[in-house]
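Asks:
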Amino acid sequence: MKKKISLLLLALLLCLCAAVPAFAAETDGFADQYYRVVDMADLLTDSEETALIQTLDEISLRQHVDVTVATTDDLAGYSVMEYADLLYEQCGFGYGNSRDGLLLLISTQDSDWYISTCGYGITAFTDAGIQYIGGQIRPELSDGNFAGAFATYASLCDRFISQAKSGEPYDNANLPRQPLSMIWIPIALVIGFVLAKIVVGVMKGQLKTVRYQAAADSYVKSGSMDITESRDMFLYHTVTRTEKPESDSSSGSSTHTSSSGTTHGGGGGKF
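Sequential numbering from 0 applies to the sequence shown in numbering that gives the first Met the number 0.
1. Three or more C-beta pairs closer than 8 Å, one from the stretch 254-265 and one from the stretch 82-99: is that the case here?
2. If we count the other Cβ atoms within 10 Å of its Cβ and call it buried at 16 or more, is P20 buried or exposed?
3. My assumption, with CB atoms under 8 Å, is that G133 sits in contact with D170. Please give the rounded CB distance.
4. Taking its Cβ as the centre, do 16 or more other Cβ atoms sit within 10 Å of T67, making it buried, or is it exposed?
5. Just the Cα atoms here: how many angstroms apart are S253 and D31?
6. To which residues does DSSP link H263 through a beta bridge?
7. Around the C-beta of E228, are 16 or more other C-beta atoms found within 10 angstroms, so that it is buried, or is it exposed?
8. What are the boundary residues of the alpha helix (DSSP H) that includes G133?
9. Do V315 and Y113 have their C-beta atoms within less than 7 Å of each other?
10. What do you reckon, are the CB atoms on T70 and A40 nearer than 7 Å?
11. Let me check one thing: in DSSP terms, what residues is D38 bridge-paired to?
12. Let me check understanding here. Comparing Cα to Cα, which of T241, L103, I58 and T107 lies closest to S154?
13. Rounded to a whole number of angstroms, what is the C-alpha to C-alpha distance between Q53 and P138?
14. Whose C-beta lies closer than 6 Å to the C-beta of L42 among residues of the same chain, with five residues either side of it excluded?
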């Protein structure tokens, strides 16, 4: 109980100290004033944090889904999931009554990342989708390029929300395809040229000198074929049908209930 109270007080203090009128005239559905970046671990420079806040503000207000980021170097005895859920709730994140949105929490204590979703965020960010995003930002997190990781996260969030609004959220069956690196284009051209040269060379070696013939008699050996009777007979046919089992390729979102009774989705990993 003591650690819970200490974390709630910390979150409240952070929200009060970080209060800022961001797009005050356009915040219908959101809490009145707050930063969408809470960098307690001080992983970003002032200019990086300002740029990230502007990006998240624009996406959140346009999509009506709150996209937020937090960092910490001390989980205060909580799991990374519990900490992310509590921080999301106590900072007032979320759009509308269902608190639509998500929070990316980076904990340098044990090199954890975790995405907590709420409301429509649970629909837009499935378990598979969350792990996909984690896979995209993990290399930059591991390299210490936190600004780059957060920029990638913001861009993917915008894309995932737009996809979900089309009626088919990204999931196991339709995750975004990895972009092909430009280095593979010249490699593919060289491989194609070499294979084509080999195939054409083999075909050329099999060619023999031929002359035009008005008929095909020269291809038949005299006396080798004597057809006295021909007919077609259909005997039987067998058709075997095997039912193809339907695969469950869509995992959706698993959910849990936080200590305050709020339903969250989410997932995470190490970097």
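Built from N, CA and C at the ideal position, the CB exists for glycine as well.
Replies: Working from what's here:
1. yes
2. As a working note, residue 20 is residue 21 in the sequence shown. Note that P20 scores 47 on pLDDT, short of 50, meaning its location in the model is unreliable and no value can be drawn from it.
3. Position 134 of the sequence shown, counted from the start, is the residue given in the question as residue 133. Position 171 of the sequence shown, counted from the start, is the residue given in the question as residue 170. So it is not a contact: roughly 15 Å between Cβ atoms.
4. Counting from 1 along the sequence shown, the entry for residue 67 is found at position 68. Classification for T67: buried.
5. The residue given as residue 253 occupies position 254 in the sequence shown. The residue given as residue 31 occupies position 32 in the sequence shown. Each residue's Cα considered, the two are about 30 Å apart.
6. Residue numbering aside, residue 263 sits at position 264 when the sequence shown is read from its first letter. The partner list for H263 (beta bridge, DSSP) reads C117 and H255.
7. As a position in the sequence shown, residue 228 is number 229, starting the count at 1. With fewer than 16 Cβ atoms within 10 Å of its Cβ, E228 is classed as exposed.
8. Indexing the sequence shown from 1 puts residue 133 at position 134. D126 to S141 is the extent of the alpha helix (DSSP H) around G133.
9. Any answer about residue 315 is impossible in this case: the structure gives the chain only from 0 up to 270.
10. For this step, residue 70 is matched to residue 71 along the sequence shown. For this step, residue 40 is matched to residue 41 along the sequence shown. Yes, Cβ-Cβ distance for T70 and A40 is below 7 Å.
11. Here residue 38 is taken as the residue at index 39 of the sequence shown, counted from 1. According to DSSP, which records beta bridges pairwise, D38 is partnered with T70.
12. Here residue 154 corresponds to residue number 155 of the sequence shown, with the count starting at 1. For S154, the nearest C-alpha among the options comes from I58.
13. Here residue 53 refers to the residue found at position 54 when the sequence shown is read from its first residue. Here residue 138 refers to the residue found at position 139 when the sequence shown is read from its first residue. In a straight line, the C-alpha of Q53 is about 24 Å away from that of P138.
14. Taking the sequence shown and counting its residues from 1, the one referred to as residue 42 is at position 43. Result list for L42: T70 and F145, in chain order.
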